[in-house]
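Numbering follows our numbering, in which position 84 of the sequence shown is assigned residue number 102; successive positions increment by one, without gaps.
Heads up, the beta-carbon is just placed ideally off N, CA and C, and yes, glycines get one too.
Predicted model only: the values in this text are computed from it and were never measured.
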Amino acid sequence: MSTNQTVLKSQLFAANMVLEQLRDAISPEFLGLVATTGQSITIISSSLMIDTDILAALTASSFAATKQLTGIMKVSGFTITLHEGAELNLSIAQVNSEMLLVICFHKSSDIGKIRLISRHAVESLSMIFASNINLDRAG
């Protein structure tokens, strides 16, 4: 996705289907896509009473800071960050250069299962947003 490209309706529809499958598989407290610029793209599940715009901005900032750390450490870029809390964990996975998958889940959840299933979701989302086919023009 280029910096000026918008998300097509067909891409958003396909992405929401992937996120709904992910939601059904892992039952997160929060699940959504955010832009690396800090805007919410789509929120699928949120049982938490939070401001999703603030969450999107802080998530993007956190991921940007991690990206800068990799540069300072002269290591390959990280594509997933995990924040562990007393009751909830937060996973931020890079979908592409402009988009992040955010998952908030209970500490009691199987983190291996969440990482495996979310990795497949990221691969699917990457393919959806790499597509340049404009299906919105049809019909």
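(1) Taking its Cβ as the centre, do 16 or more other Cβ atoms sit within 10 Å of L100, making it buried, or is it exposed?
(2) Return the Cβ separation of A74 and S58 in integer angstroms, given the expectation that the two are a contact with Cβ distance under 8 Å.
(3) Drop a sphere of 10 angstroms on the beta-carbon of L51, count the other beta-carbons inside from all chains shown, and report buried for 16 or more, exposed for fewer.
(4) Considering only C-alpha positions, which residue in the set T70, K125 and R137 is nearest to P46?
(5) Label A68 either buried or exposed according to how many other C-beta atoms from any shown protein chain fall within 10 Å of its C-beta, with 16 as the threshold for buried.
(6) By Cβ distance below 7 Å, which residues in the same chain neighbour S144 in space, the five residues on each side in sequence not counted?
(7) In the segment 74 to 148, which residue ranges form an unbroken alpha helix (DSSP H) of at least 4 residues, counting only runs that do not cross its ends?
(8) Inspect the CB distances between the segment 130 to 142 and the segment 35 to 42 and report whether three or more fall short of 8 Å.
(9) Could you name the residues of the same chain whose beta carbon sits closer than 8 Å to that of K85, not counting the 5 residues immediately before and after it, in chain order?
Checking against the coordinates, here is how it stands:
(1) What you label residue 100 is simply residue 82 of the sequence shown in a count that begins at 1. By the 10 Å Cβ count, L100 comes out exposed.
(2) Residue 74 sits at position 56 when you count from the first residue of the sequence shown. Residue 58 sits at position 40 when you count from the first residue of the sequence shown. Sure, about 4 Å apart at Cβ, within 8 Å.
(3) By one-based count along the sequence shown, residue 51 stands at place 33. Its Cβ being crowded by 16 or more others within 10 Å, L51 is buried.
(4) In the sequence shown, the residue the question calls residue 46 occupies position 28. Taking only the C-alpha atoms, the option nearest P46 is K125.
(5) Position 50 of the sequence shown, counted from the start, is the residue given in the question as residue 68. Before going further, note that residue 68 is Ile rather than Ala in the sequence given. Exposed, by the Cβ-count rule.
(6) The count along the sequence shown starts at 1 and reaches residue 144 at position 126. If we look at S144 and ignore the five residues flanking it on each side, its Cβ neighbours are V113 and N114.
(7) 129 to 148
(8) Result yes; three or more Cβ-Cβ pairs closer than 8 Å.
(9) Counted from its first residue, the sequence shown places residue 85 at position 67. Answer for K85: G95 and F96, listed in chain order.
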